[in-house]
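Reading through the structure tokens given below for one structure.
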Amino acid sequence: MSLEQYHVVRLIQQQSQALGDAIALEGFETAAPWHQVSWSQFDTITSKIARVLIQFGIESQDRAIILSQNCPQWTCADLGLLKAKAIVVPIYPTSTIEQAAYIVNDAEAKLIFAGDAAQYAMACDLVAQCDSLTRVVVFDKSVELQDLQNHFYLDDLLEREIDSAADAELEKRLNDKNLDDLLTLIYTSGTTGDPKGVMLDYRNIASMVRQHDKFLPFTPGDVSLAFLPLSHVFERGWSFYVLCRGGHNVYLSNPMAVKEAIVQVRPHTLCVVPRFLEKVYSAVQDKVIKAPELRQKMFTWAMSVGHKQSEVGQGRHKASLGLNLQWKLADKLVFSKLKQVLGGRLKFMPCGGAALDPNVSAFFQSIDVPVLCGYGMTETTATTTCNTLGNRVPGSNGQVIPEAEIKLGKDNEILVRGDTVMRGYFNRPEETAEAFEDGWLKTGDAGRIDENGNLFITDRIKELMKTSNGKYIAPQRVEGKVGCCPFIEQVAIVADARNYVTALIVPAFESLEAWAKEKGVHYESQLDLLRHTHVVEHFEQRLKTLQSELAGFEKIKKFTLLPDAFSMEAGLITPTMKLRRKVIYNKYAREIDKMYSR
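Numbering of the sequence shown is given in our numbering, commencing with residue 15 and proceeding in unit increments.
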């Protein structure tokens with residue numbers, strides 16, 4: 015198929031016509047009538063949204079905001095805007111009013127879709143602060159509207175009378191499928207400076223869909239659970255692919271409910287980030303440590319068998335009848351129980367956003383839950399390289415996708431070229447020019463490529479830390495190792511211009527408090543708990559074990575346990591959960607200085 019045939023609106027319309035009453039969208043926590051949306055309803059709803067937008071005066075390539083948690087209405091608003099040829103600008107619902115106002119003003123957005131009461135309240139504040147913003151559409155009909163002239167319930171708009179001129183204009187726009195039109199502006203949540211609007215067009219999305227077709231075993235009717243934010247290119251791009259392929263997308267509004275949702279929804283796939291996998295891995299390891307010796311030995315044996323069997327599937331180990339029988343026994347005794355925790359029918363899990371520890375990757379490979387680690391960024395429409403079912407190398411981000419190119423530049427910086435690479439940054443020609451080198455996008459990430467073409471990310475070039483002894487530390491590598499601990503929720507290491515590595519650690523208080531109760535540790539407050547000698551010794555022992563694979567100069571020598579999490583509200587993390595290191599170091603300067611003075 016030509017790239018024009020992969021136009022996202024065209025493909026989704028084709029699926030709507032073919033699949034009719036089958037379920038396209040489902041909200042895990044969403045009430046009727048939005049709990050389930052069939053393909054024919056999806057097509058009708060999105061076309062009606064497009065007509066209303068046209069009647070509102072939305073022109074082709076005007077910008078509109080979506081500010082909401084994941085839900086079926088999010089995707090209906092998205093596709094409705096695209097049918098009207100508007101440019102969709104998502105904003106994280108966790109954003110501050112200052113962050114959201116910056117995006118609205120920079121994009122000069124005319125209209126905003128808001129989810130619940132909190133998001134509607136922010137939308138009202140944005141209308142007051144942003145001259146371009148005039149209309150608000152709300153998903154939740156229980157919210158009380160403040161302006162009956164310019165604020166509307168989505169449900170009411172779907173009942174609105176449409177004039178024939180809007181019908182004709184929609185038909186005209188649907189027939190004008192130009193791949194060079196902008197589809198979305200996604201504002202990067204950079205760890206420094208103001209966010210930049212990444213311009214992605216229909217060509218970028220079409221290329222992404224076509225390339226995914228070439229290596230992913232996704233079939234019509236497969237269920238995907240969307241629990242990562244749709245505001246991010248990873249989940250939104252994947253949702254486009256799911257719908258283009260006739261899949262069934264289930265939306266999770268509250269990501270904290272993912273454990274419950276996976277068991278009930280039983281997805282065939284879901285996008286994950288390393289932190290999710292690390293938590294599953296650490297929970298399993300913690301249970302194994304507490305299990306009787308016989309069960310520990312059974313688990314170790316099963317993992318060994320699983321590793322060999324997975325290597326057979328990769329062509330790196332010889333198949334045998336004996337190994338196959340051992341695998342079936344290991345699956346019955348151990349792996350099947352682990353897989354049930356993840357719903358029991360996962361085909362694969364795309365994983366991105368950060369480096370995944372090789373031990374965690376190997377664990378999932380051994381239990382036959384394929385994790386397809388990839389590498390990409392907003393500027394490359396997410397995936398640039400990806401592991402496949404036939405090529406999974408723990409610790410790697412796989413080989414380059416079929417229609418893209420990568421190479422290493424100065425300081426081993428990863429450079430990318432191809433149809434998935436962004437048009438540039440919105441209204442920022444100078445920064446767009448700086449982002450490219452002879453037609454290649456400069457990612458800012460350092461890596462290496464092995465003899466088989468597998469990419470390994472070593473770290474963010476700007477985040478590499480150099481100790482006073484001249485040793486380079488890759489913070490994400492150290493934090494990834496330590497983050498596998500069930501007692502650690504967040505960690506930020508300190509090393510730049512210092513003579514050894516230290517860490518600021520936010521404990522996983524639920525696990526820590528359960529451990530303290532089990533060990534008979536008495537305390538009056540969380541701060542009292544963190545200062546308890548037994549707790550400090552417990553973390554010292556855990557860190558010693560977790561860092562066994564690190565070089566001496568990489569190991570955390572001292573640490574401070576913090577009572578408060580790194581949060582967006584405090585400005586310590588980005589909407590994609592990346593650490594704002596400079597802000598963290600400034601906030602905890604006193605604690606850091608103490609670790610180097612005692």
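We put the beta carbon where it would ideally sit given N, CA and C, even for glycine.
query, result
"C-beta atoms of Leu171 and Val102 nearer than 8 Å", "no"
"Own chain partners of Arg149 with C-beta closer than 8 Å, once the 5 adjacent residues on each side are dropped", "Phe70, Lys124, Leu125, Ile126, Asn164, His165 and Phe166"
"heavy atom of the ligand COA below 7 Å from Arg474 C-beta", "Absent from the structure shown: the ligand COA. Ligands present: none."
"Whether Leu560 touches Val496 by CB criterion (8 Å)", "yes"
"Uninterrupted beta strand (DSSP E) stretches inside the segment 293–359 (no shorter than 3 residues)", "none"
"DSSP-derived helix/strand/coil call for Leu162", "coil"
"Beta carbon of Ala418 nearer than 8 Å to that of Thr402", "no"
"Beta-carbon separation (whole angstroms), Val237 vs Val286, contact threshold 8 Å", "The Cβ separation is near 15 Å, so there is no contact."
"Completely contained beta strand (DSSP E) runs for the segment 39–108, where each covers 3 or more residues", "50–52, 77–81 and 101–105"
"Where Ala517 sits in the DSSP three-state scheme", "strand"
"Proximal residues to Val319 (C-beta, below 6 Å), its chain only, five neighbours per side dropped", "Gln340, Trp341 and Ala344"
"Same chain only: Cβ atoms within 8 Å of Lys332, ignoring 5 sequence neighbours per side", "Val326"
"Three-state secondary structure (DSSP) of Val141", "helix"
"Rounded C-alpha distance that separates Thr44 from Leu266", "9 Å"
"6 Å CB neighbourhood of Leu96 in its chain, flanking five on each side removed", "Val23"
"Neighbourhood of Ser2 by C-beta distance below 8 Å, restricted to the same chain and skipping five residues each side", "Here the chain has residues from 15 to 612 only, and residue 2 is not among them."
"According to DSSP, residues forming a beta bridge with Val383", "Val383 is not bridged to any residue."
"Alpha carbon of Lys155 to alpha carbon of Lys601, nearest angstrom", "41 Å"
"Start and end residues, beta strand (DSSP E) containing Lys571", "Ile570 to Leu575"
"For Phe377, three-class secondary structure by DSSP", "helix"
"Expected contact under 8 Å - CB spacing of Gly366 and Tyr389 to nearest Å", "7 Å"
"DSSP beta-bridge partners of Ser539", "According to DSSP, Ser539 bridges with nothing at all."
"Val212 versus Gln19, His246 and Asn426, residue with shortest Cα-Cα distance", "His246"
"Beta-carbon proximity list for Ser375, same chain, < 7 Å, skipping 5 on both sides", "Val385, Cys387, Pro408 and Gly409"
"Given Trp88 as reference, the closest of Leu33, Glu73, Tyr106 and Gly412 once Cα atoms are compared", "Tyr106"
"Same chain only: Cβ atoms within 8 Å of Tyr439, ignoring 5 sequence neighbours per side", "Lys210, Gly211, Val212, Met213, Glu445, Thr446 and Ala449"
"Same chain, Cβ closer than 7 Å to Ile463, five either side skipped, listed in chain order", "Leu422 and Leu469"
"The segment 185–198 touching the segment 109–118, judged by at least three CB pairs closer than 8 Å", "no"
"Three-state class that DSSP yields for Lys273 in the structure shown", "helix"
"Whole-angstrom distance between Asp177 and Ser30, CA atom to CA atom", "24 Å"
"Rounded Cβ spacing between Pro364 and Lys228 (contact assumed at less than 8 Å)", "Actually they do not touch by this definition, with Cβ atoms about 14 Å apart."
"Contact check, Val383 vs Lys353, beta carbons under 8 Å", "yes"
"Beta-carbon proximity of Asp208 to Asn441, cut-off 8 Å", "no"
"Run of the beta strand (DSSP E) containing Leu560, from where it starts to where it stops", "Run containing Leu560: none in the beta strand (DSSP E); it sits in the alpha helix (DSSP H), Thr547 to Leu560."
"Distance, Ser296 Cα to Pro288 Cα", "12 Å"
"Integer Cβ distance of Gln413 from Ser324, believed to fall under 8 Å", "About 18 Å; that fails the 8 Å criterion."
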